[in-house]
Every structure is written in C-alpha cells, then in structure tokens.
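Student: Residue 39 in this note's numbering sits at position 39 of the sequence shown; the count goes up by one each step and never skips.
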Amino acid sequence: MAKVCTKKLREIALQLVKEIANERKDSQEDAVVPSDELFSALHVVFPQTLQQAVDLVDRDCVTKVISASGRELFQCKHVLAVYISQNLETLNERNISDEDFAKILTEVND
C-alpha cells in the first residue's frame, strides 16, 4: 500500500511541476511566476521542501552540467528545484570536457 501511495504522490508532484511549464507557455511574458493556486498545490505535496526549492531557483543555483559527449547531471541537491527550474526555463547550463565530468562524478561518489 505504501508503494502505491508513494508512486501516486510522485505522479501528482510531476504533474504539478509540469503545470508550471504550461502556465509559462500560456503567458505572453518572458518571466512567469507560477500562480498562487499552483504554489498552494505544490505546498500541499511538498510542505517541508517547497520553500527551499524555490529559494534555490530564485538565487539561480540550479545548473545542468553537460559533458562533451552529451552526458548530463545537475549541480543542485534539491530535485524539486531542478524540476521547477527546468519548467520555468531558468536552468543554467555549463558545458565541460568528459574528463571534468568524470571528476565531478568521482567526487559525488566519494
């Protein structure tokens, strides 16, 4: 039963985060702030972590690192911040060599 609830909660969370992108596409403005209704729904699903995630996005702390061979990772310890940043299209991107990418992976696994 717990696995089913966790899976369903994850599906709901991903749908809510995708709604950010939908709101952005429907808007005429470049910078879009998700609606209060969407933030309220996200807060219900992520009561303890939403504020931390939004703070990271606001401070421009979410970076997608791309290796020369096309492998990707995110430099951010908050998965929700990654999803929000992707859907708001505020994600920073940094291209690096395959060697530097391997070093980062080694550091993460230590």
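The C-beta atom is built at its ideal place from N, Cα and C for all residues, glycine as well.
#1: Grab the span of the alpha helix (DSSP H) containing residue 48 for me, first residue to last.
#2: Hey, how far is the Cα of residue 24 from the Cα of residue 91?
#3: For residue 9, does the three-state DSSP call read helix, strand or coil?
#4: In chain order, what residues of the same chain lie with their CB nearer than 7 Å to the CB of residue 56, ignoring the 5 residues before and after it?
#5: Straight-line CA distance for residue 21 to residue 88?
#6: By the 10 Å Cβ neighbour count, where 16 or more other Cβ atoms means buried, how is residue 42 classified, buried or exposed?
#7: Would you kindly check if the distance between the Cβ of residue 45 and the Cβ of residue 16 is under 8 Å?
#8: Using DSSP bridges, identify the partner residues of residue 74.
Tutor: The answer reads as follows:
#1: For the purposes of this step, residue 48 is taken as the residue at position 48 of the sequence shown. For residue 48, no alpha helix (DSSP H) run applies, since DSSP gives it neither H nor E.
#2: By 1-based counting over the sequence shown, the position of residue 24 is 24. By 1-based counting over the sequence shown, the position of residue 91 is 91. Separation of residue 24 and residue 91 (C-alpha to C-alpha, rounded to the nearest whole angstrom) is 14 Å.
#3: Taking the first residue of the sequence shown as 1, we reach residue 9 at position 9. Per DSSP, reduced to three states, the secondary structure at residue 9 is helical.
#4: Counted from its first residue, the sequence shown places residue 56 at position 56. Result list for residue 56: 62, 76, 78 and 81, in chain order.
#5: For the purposes of this step, residue 21 is taken as the residue at position 21 of the sequence shown. For the purposes of this step, residue 88 is taken as the residue at position 88 of the sequence shown. The alpha-carbon separation between residue 21 and residue 88 amounts to approximately 6 Å.
#6: Looking up residue 42 in the sequence shown gives position 42. Buried is the call here.
#7: Your numbering for residue 16 matches position 16 in the sequence shown. Your numbering for residue 45 matches position 45 in the sequence shown. Going by C-beta atoms, residue 16 is nearer than 8 Å to residue 45.
#8: Walking along the sequence shown from the start, residue 74 turns up at place 74. The bridge partners DSSP lists for residue 74 are 64.
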